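Residue numbers in the sequence shown follow this note's numbering, run continuously in steps of one, and reach 162 at the last position.
No residue lacks a Cβ here, since even glycine has one placed at the ideal position from N, Cα and C.
Computed from a predicted structure; not experimentally measured.
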Amino acid sequence: MTTLKEGDKAPDFKAEDQDGNEIKLSDYKGRKLVLFFYPKASTPGCTAEACNLSDNYDVMKDKGYEILGVSADTKKRQQNFKNKYDFKYPLLADEEKEVINAYGVWGPKKFMGKEYEGIHRTTFIIDEKGKIEEVIKKVKTKAHAEQIME
């Protein structure tokens with residue numbers, strides 16, 4: 013699991029979103045960023061989390077937050093996920109796991125008794141200066157926006 017904590021400088025990144033646009037951490041300078049990592053597009057928990065953030069997008073934007081989702085899915089899968097649910101924010105297709113590894117969210121997981129490697133659902137709140145304000149490891153998928161804005 014991630015060793016990043018509150019007060020650390022957020023690792024810089026550069027990756028492509030679902031449409032092939034390059035997105036960098038510096039694009040969000042001067043704004044708060046909700047950087048959420050999720051295991052796999054279009055799965056139940058990830059859909060609940062992403063939809064909850066999208067449903068609360070306007071309220072979060074009014075409070076100064078930008079939102080960016082990241083998983084190891086392909087651009088095509090991210091594009092289908094975004095289009096199906098009409099998300100108002102970009103999804104990074106981090107197939108090479110560069111952003112995922114930079115934030116330390118890749119590691120051993122267990123599901124139904126089986127062990128495997130995967131993304132640990134984690135959200136980083138990054139402040140206007142690029143510092144980590146909060147790390148949320150116990151994500152409430154159906155009430156994540158509320159969890160962030162508490």
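Check, Outcome
"Determine which residues share a DSSP beta bridge with Asn-80 and list them.", "Asn is not the amino acid found at residue 80; the sequence shown has Leu there. According to DSSP, which records beta bridges pairwise, Leu-80 is partnered with Leu-47."
"Does the distance from the C-beta atom of Lys-5 to that of Ala-60 stay below 8 Å?", "For the chain, the structure presents residues 13 to 162; residue 5 sits outside this window and is missing."
"Could you check where the alpha helix (DSSP H) with Tyr-97 kicks off and where it finishes?", "87-97"
"Out of Lys-152, Glu-129, Phe-136, state which residue places its alpha-carbon closest to the alpha-carbon of Glu-145.", "Phe-136"
"In the DSSP assignment, find the beta strand (DSSP E) that holds Ala-105 and state where it starts and stops.", "103-105"
"On the three-state DSSP scale, how would you describe Tyr-115?", "coil"
"Any idea what DSSP makes of Pro-120, helix, strand or coil?", "strand"
"Report back the beta-carbon spacing between Gln-90 and Ala-53 to the nearest angstrom; my notes put them in contact at under 8 Å.", "6 Å"
"Does the beta-carbon of Lys-94 have 16 or more other beta-carbons within 10 angstroms, so that it is buried, or is it exposed?", "buried"
"By the 10 Å Cβ neighbour count, where 16 or more other Cβ atoms means buried, how is Val-71 classified, buried or exposed?", "exposed"
"Would you report the Cα separation of Leu-16 and Lys-96, rounded to the nearest angstrom?", "33 Å"
"For my contact list, Ile-131 and Phe-25 are in at a C-beta cut-off of 8 Å; report their separation, rounded to the angstrom.", "That belief does not hold up - the Cβ atoms of Ile-131 and Phe-25 are roughly 15 Å apart, past 8 Å."
"Going by DSSP, what residue range makes up the beta strand (DSSP E) through Gly-57?", "It is not in any beta strand (DSSP E) - Gly-57 instead sits in the alpha helix (DSSP H) that spans 56-67."
"Which whole-angstrom value describes the C-beta separation of Asp-29 and Pro-102, a residue pair presumed to lie in contact below a C-beta threshold of 8 Å?", "4 Å"
"Could you check the C-alpha separation between Thr-164 and Pro-23 for me, to the nearest Å?", "Given that the chain is displayed from residue 13 to residue 162, the structure contains no residue 164 and the question cannot be resolved."
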